[in-house]
Amino acid sequence: MSSPQSEPSGRVALREPRPGGHPGEPDRGGFPVVGSGEDVARAVPAGTGGHSVHIHLNERRRPRRSLPGASFWRGLGLHLLIPLFLAAGMALAYLGAFGQPTPHHLPVAVVGSSAESEVFAQSLNDSAPEALDVRTVPDAAAARALIESRDVVASYEATATDATISVSSAASDTTASVVEKVFLPIAYRQHLPVQVDDVVPTGEGDPTGQGLFFLMVALSVGGYASAAAISAVVAASRTGLATRLGIAVGTAALVAAIGTVVVGPVYGIVDHALWPLWLLSWLYVSGIVVVGVGLHPLLRHWTTPVLTMLFVMLNFTSSGGVFAAQLVPSFFSALSAFWNGSAWLHATQTVVYFPAQGIGRDGLVLALWLAAGVGLAVLTHAWSRRRTRLADERAEVTEEDEVVAA
């Protein structure tokens, strides 16, 4: 029968001599059982002949895991600022612009020069003074000419036998749907069958009229992503400003070429005017990339979020690609007058669907965006060089002080 032997640190060992062994012989085959009370009783196997059993009466407790310190939460918060900014910005921009499309001074025409036509046009204006701007035209040919020049978005002509709603899906398919909903109830109240005349339709490869808008999305993302990549590489080098701008413009040409090939030969959304489309795309993407290169010395890791705000949140919502300027809130409608996405989309629609019109104003807007980017790049490059020079001078003064002190 074994007898308990005391061990240091509150340990009690029950030793059974191995066959052929002697009491007190060093234990080479024992194993510890940690626990106390009933746990220990359950842990000790019966009949442990030849083996010693070590019972730890004082079990060590694991330390509780404490929450991370303030520096952890501060760092996490700083890293989450950008994704939270993007989430809030996207929600505010897209839902604010597209959540409730409502006509604002939508220009339409009523065909007819009679007194009844004048009264009808005035009644439309009075019924929705903020929604429609109604004018009268003498005949259907005049109405079609106004639609082709994009001076009005639609016209309505009622005769003794039927009614005709003329629209242009190439200018904006969503706007065409809105004006149809305005005029259809009127024709039904007049008990007239209705036909819809699409004066300037979209191409066969773009039945929804959204192809050019989605091309703009691709060009915009390619543009600001290229700006981030170029800035990340040149920031670690002493690359001159002219070289940076040359890389930016060259990359923009490549991005524009990719988009033009995809929208043209690959998918056939646009089957003509591809060279003008590429040139306009090159000018558009160049403005985005150069603005990004100009902002990077100042904003650093905030450059991409700011570019996303400029060329996604504010750009897509004011471009007219989803809803025309007359259907979005006044803030986004005002942006469409000078934002680069709106100018690009209007210009490309012109060269593809409305070739008789000019693109001078749209081209000027795109050129001004590029010029603003170049000016910004010049200013931030000079500021960055001055800051680097001051840092080098401080480093030299510090080295001289250390030498004198030595």
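Those letters in the sequence shown? Residues 3 to 408, per the numbering used here, in order. No residue lacks a Cβ here, since even glycine has one placed at the ideal position from N, Cα and C.
Task: residue 33, DSSP secondary structure in three states - done: Summary for residue 33: the model assigns pLDDT 46, below 50, so the residue's position carries little reliability; its value from the coordinates is reported in the next sentence. Here residue 33 sits in strand by DSSP.
Task: Local conformation of residue 147 per DSSP, three classes - done: helix
Task: Residue range of the beta strand (DSSP E) that includes residue 108 - done: 108–113
Open item on the list: Quick check on the burial criterion: 16 or more other C-beta atoms within 10 angstroms. Buried or exposed for residue 192?
Closed with: exposed
Task: Beta-carbon spacing of residue 301, residue 308 below 8 Å - done: yes
Open item on the list: Relative to the C-alpha of residue 409, which candidate in 264, 153, 130 has its C-alpha closest?
Closed with: In the structure as shown, the chain starts at 3 and stops at 408, and residue 409 therefore has no counterpart that could be examined.
Open item on the list: For residue 134, report the span of its alpha helix (DSSP H) as first-last.
Closed with: Run containing residue 134: none in the alpha helix (DSSP H); it sits in the beta strand (DSSP E), 134–139.
Open item on the list: As a quick exercise: from 117, 140, 110, 123, pick the residue whose alpha carbon is nearest that of residue 167.
Closed with: 110
Task: Helix, strand or coil at residue 258 [DSSP, three-state] - done: helix
TODO: Count the CB pairs spanning the region 82–100 and the region 310–324 that are closer than 8 Å, and state whether there are at least three.
DONE: yes
Open item on the list: One question on the structure: do residue 355 and residue 169 come within less than 8 Å of each other, judged by their Cβ atoms?
Closed with: no
Task: Element boundaries [alpha helix (DSSP H), containing residue 235] - done: 213–236
Open item on the list: Just to confirm before moving on: does the CB-CB distance between residue 159 and residue 142 stay below 8 Å?
Closed with: yes
- [ ] Report the residue from 383, 374, 286 whose alpha carbon sits nearest the alpha carbon of residue 364.
- [x] 286
Task: Unbroken stretches of the beta strand (DSSP E), 3 residues or longer, contained in the region 159–199 - done: 165–169
Task: Local conformation of residue 156 per DSSP, three classes - done: strand
Task: Reduced DSSP secondary structure (H/G/I, E/B, other) of residue 348 - done: helix
Open item on the list: Rounding to the nearest angstrom, what Cα-Cα distance links residue 314 and residue 140 in this structure?
Closed with: 43 Å
Task: Exposed unless 16 or more other CB atoms sit within 10 angstroms - verdict on residue 226 - done: buried
- [ ] Would you mind working out which of 124, 107, 244, 106 sits nearest residue 113, comparing C-alpha positions?
- [x] 124
Open item on the list: Considering just the uninterrupted stretch of the alpha helix (DSSP H) at residue 102, what are its terminal residues?
Closed with: No alpha helix (DSSP H) holds residue 102; DSSP gives it neither H nor E.
Task: C-alpha distance - residue 241 paired with residue 279, whole-angstrom precision - done: 32 Å
Open item on the list: Could you give the first and the last residue of the continuous alpha helix (DSSP H) run that contains residue 325?
Closed with: Looking at the DSSP string, residue 325 is not in any alpha helix (DSSP H), and its letter there is neither H nor E.
Task: Limits of the alpha helix (DSSP H) - the one that residue 290 falls within - done: 276–301
Open item on the list: At the level of alpha carbons, what is the spacing between residue 96 and residue 208?
Closed with: 23 Å
- [ ] Hey, could you find the ends of the alpha helix (DSSP H) residue 307 is sitting in?
- [x] 305–310
Task: Anticipated Cβ contact below 8 Å, residue 245 with residue 291, distance rounded - done: Actually they are not in contact, since the Cβ atoms of residue 245 and residue 291 sit about 14 Å apart, beyond 8 Å.
TODO: Output yes or no for whether 8 Å exceeds the beta carbon distance between residue 162 and residue 196.
DONE: no
TODO: Apply the 10 Å Cβ neighbour rule to residue 357 and answer buried if 16 or more other Cβ atoms are within range, or exposed otherwise.
DONE: exposed
Open item on the list: Whole angstroms are fine: how far does the CA of residue 235 sit from the CA of residue 274?
Closed with: 37 Å
TODO: In angstroms with no decimal places, state the Cα-to-Cα distance between residue 136 and residue 105.
DONE: 13 Å
- [ ] Below 6 Å CB to CB, which residues in the same chain sit around residue 349 once its five sequence neighbours on both sides are set aside?
- [x] 282, 361, 364
- [ ] Starting from the C-beta of residue 237, find all residues in its chain whose C-beta is less than 8 Å away, skip the five residues before and the five after it, and write them out in chain order.
- [x] 298, 299
TODO: Round the Cβ separation of residue 288 and residue 250 to the nearest angstrom and send it over; I've been treating them as touching at under 8 Å.
DONE: 7 Å
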